[in-house]
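Numbering (the numbering used here), first residue to last: -9 to 268.
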């Protein structure tokens, strides 16, 4: 059976695995440009996709909790049934690809085959996940503060007279029942938490403390950094951890032992991540 599956994969005929169909779950959705290519060229391209995506999600009754467009990918946090989300995402991406190909005289795929979908960890909740999404432009070096990035729902949460995004209440409700105080609590929660420092000069920050910091910043549950997974967001998490650990003075062997991988895997992850954003 495994040999048969392997042959099907080589032939490109392996059937897709169905998406999880969970109820009462918030979803982290990631759409990426094919082969990491940019999915926007001019400002009007960004605006068209922004409006189209929100309209398609609204038509399916899906609530948007957070949205952030990047140059070659986008993140959104949604609440709704996966079948409805899939229909909306398919229409929005197909329409945008056709628009971009026609406008710029291109052919072929604009997006990767399928968008990625991950259920929100119920133990962590929405707050760290939305922080991760809204701070993505900061981590990518595009801006210094999330307020400076136009293509994000972050500023809508700070505006007292805004009703957007449609899932606004789902997030602000985590910060309290009074909206003004909830907005202020959200603003504080969105601030970058400083990287941990050693208690005494010359000491190193323990690797476990560094790992917990990056897991928390990325909206991940504790211990995920050590799990073997090919998820691209986890690849970025490990790359940031490895870079910080080396800045602290840890050797490749020490980092590899902590992550339970071979030293060569540490080098591979470093080189594989050059020039990428999450």
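Built from N, CA and C at the ideal position, the CB exists for glycine as well.
Whole-angstrom distance between residue j and residue i, CA atom to CA atom
| i | j | result |
| --- | --- | --- |
| residue 109 | residue 223 | 14 Å |
| residue 235 | residue 193 | 13 Å |
| residue 29 | residue 125 | 20 Å |
| residue 132 | residue 142 | 13 Å |
| residue 152 | residue 188 | 42 Å |
| residue 154 | residue 242 | 46 Å |
| residue 44 | residue 72 | 16 Å |
| residue 36 | residue 59 | 8 Å |
| residue 196 | residue 181 | 24 Å |
| residue 165 | residue 248 | 35 Å |
| residue 145 | residue 179 | 14 Å |
| residue 98 | residue 139 | 30 Å |
| residue 252 | residue 25 | 28 Å |
Proximity below 7 Å, CB of residue i to CB of residue j
| i | j | result |
| --- | --- | --- |
| residue 53 | residue 78 | no |
| residue 80 | residue 22 | no |
| residue 118 | residue 213 | no |
| residue 203 | residue 123 | no |
| residue 220 | residue 250 | no |
| residue 230 | residue 111 | no |
| residue 107 | residue 19 | yes |
| residue 67 | residue 120 | yes |
| residue 82 | residue 42 | yes |
Cutoff 6 Å; reference residue i; Cβ partners in own chain excluding five residues on either side
| i | result |
| --- | --- |
| residue 86 | 39 |
| residue 225 | none |
| residue 90 | 100 |
| residue 199 | 186 |
| residue 238 | 194, 195 |
| residue 102 | 22, 24 |
Other residues of its chain near residue i: CB distance less than 8 Å, five sequence neighbours each side excluded
| i | result |
| --- | --- |
| residue 160 | 16, 53, 55, 69, 116 |
| residue 94 | 31 |
| residue 27 | 62, 100 |
| residue 175 | 165, 166 |
Beta-ladder partner(s) of residue i, from DSSP
| i | result |
| --- | --- |
| residue 64 | 21, 59 |
| residue 101 | 23 |
| residue 112 | None; residue 112 has no bridge partner. |
| residue 50 | DSSP, once it has assigned bridges, lists no residue as partnering residue 50. |
Sequence-distant residues of the same chain with beta carbon closer than 7 Å to residue i, five excluded per side
| i | result |
| --- | --- |
| residue 74 | 50, 51, 52 |
| residue 169 | 162 |
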